[in-house]
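Below is one structure, written out as structure tokens; comments come after it.
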Amino acid sequence: MVGLPYDVRREVVVVTGAGGIGTAVARRLGSGRTLFLADASRGQLDRTVATLRAEGYEAQGVVIDVCDRASVRKLAETAAGEGPLAAVVHTAGVCAAIASARTNFEVNMVGTAHVIDCFEAVATRGTSLVCIAGVAGHYATLSEEDESALATTPAEELLDLDVVAAAGDDAVPAYIVSNRAVQVRVQAAALAWNLRGARVNSVSPGAVVTAMTTAEADSVYGEHLRKMLDDCGAGRAATPAEIADVVAFLAGPEARYVTGTDLVVDGGQSAWVRRH
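With the sequence shown counted from 1, adding 14 to any position gets you the working numbering.
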């Protein structure tokens, strides 16, 4: 039997994080594709996968720990074995309101490094990786040396950096620096991904209506967050679907010449901070 000249298997989409943004992205990108949804929480994962399957998606749930390189590598290899890897969207992350300084660095920074590295190993022509960072990363005031270290230090050595130690036990600077790490690691990874015919970008949302943002709004940071949204003129937080639309652009053919960059989606919050 003569083989077909193309891979007839469904394209594969991988989404890490089964929260609000992750679920919205899964719905936006998963139609007609094999969808892998990965999360650390079995309960959250099972509920989300069941909902997506009921809506007609071919969804599979995978429990992973992004802080564990072997766990991320297994996900990457399993997904790549199912068919052409079209898109990987890394939404798993924490914030200062719900996690310690150490956890912010482990999940946001080291976890993202693992995702970039492990999926680069299986990326093929056309694969697009989008990492969700946070607009807070653009508020970091770091030396060129510190930014270079965040961008290029091997994942297993990141927690030993001086810039990490400088945050101490304060979750706020840890959140800011860990998000900056996501942005600069994406920049540094662009060459390797380009050489595979693949792309890697990040999206830095401002406030988004998710369970994590609700926790932040109910915390000591809530008043500041609400005032910022009012003062910048946005008057509201984004919906997860609005972030998913931006991710879909970066993951799709319209952005085939966009790689190694960060797209801020914050309703003008960072513009207001800088200019007003």
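From the three backbone atoms N, C-alpha and C, an ideal C-beta is built for every residue, glycine too.
*Work out the CA separation of A137 and D195 for me, nearest whole Å.*
According to the sequence shown, residue 195 is Ala rather than Asp. A195 and A137 have their C-alpha atoms some 22 Å from each other.
*Express the C-alpha separation of A106 and V121 in angstroms, rounding to a whole number.*
V121 and A106 have their C-alpha atoms roughly 8 Å apart.
_I'd like to know if the stretch 52 to 69 and the stretch 124 to 140 are in contact, where contact means that at least 3 CB-CB pairs between them fall below 8 Å._
Taking 8 Å as the limit for Cβ pairs, the verdict is that the stretch 124 to 140 does not touch the stretch 52 to 69.
*asked:* If you reduce the DSSP assignment to three classes, tell me which class V16 lands in.
replied: Unreliable positioning characterises V16 in this predicted model, as indicated by a pLDDT of 49, which lies under 50. A coordinate reading is not provided.
*When the Cα atoms are used, what is the spatial distance from V261 to P254?*
When rounded, the distance between both Cα atoms is 11 Å.
_Rounded Cβ spacing between A110 and N118 (contact assumed at less than 8 Å)_ = Yes, A110 and N118 are in contact; Cβ-Cβ is about 7 Å, under 8 Å.
*Taking the beta strand (DSSP E) that C145 falls in, what are its first and last residues?*
Note, C145: beta strand (DSSP E), 142 to 146.
*Cβ of V214 versus every heavy atom of the ligand SAH: is any distance shorter than 8 Å?*
Ligands in the displayed structure: none, and consequently the ligand SAH is not present.
_Coil, strand or helix - E72 by DSSP_ = Looking at E72 - three-state DSSP - the assignment turns out to be strand.
*asked:* Between R83 and H152, how many whole angstroms is the CB-CB distance? I'm expecting something under 8 Å.
replied: Not really, about 28 Å apart at Cβ, beyond 8 Å.
*Please report how far the alpha carbon of Q301 lies from the alpha carbon of A203, in whole angstroms.*
For residue 301 there is no data in the structure shown, the boundaries of the chain being 15 and 290.
*Where does A110 sit, in a helix, a strand or coil, going by DSSP?*
Looking at A110 - three-state DSSP - the assignment turns out to be coil, as it is neither helix nor strand.
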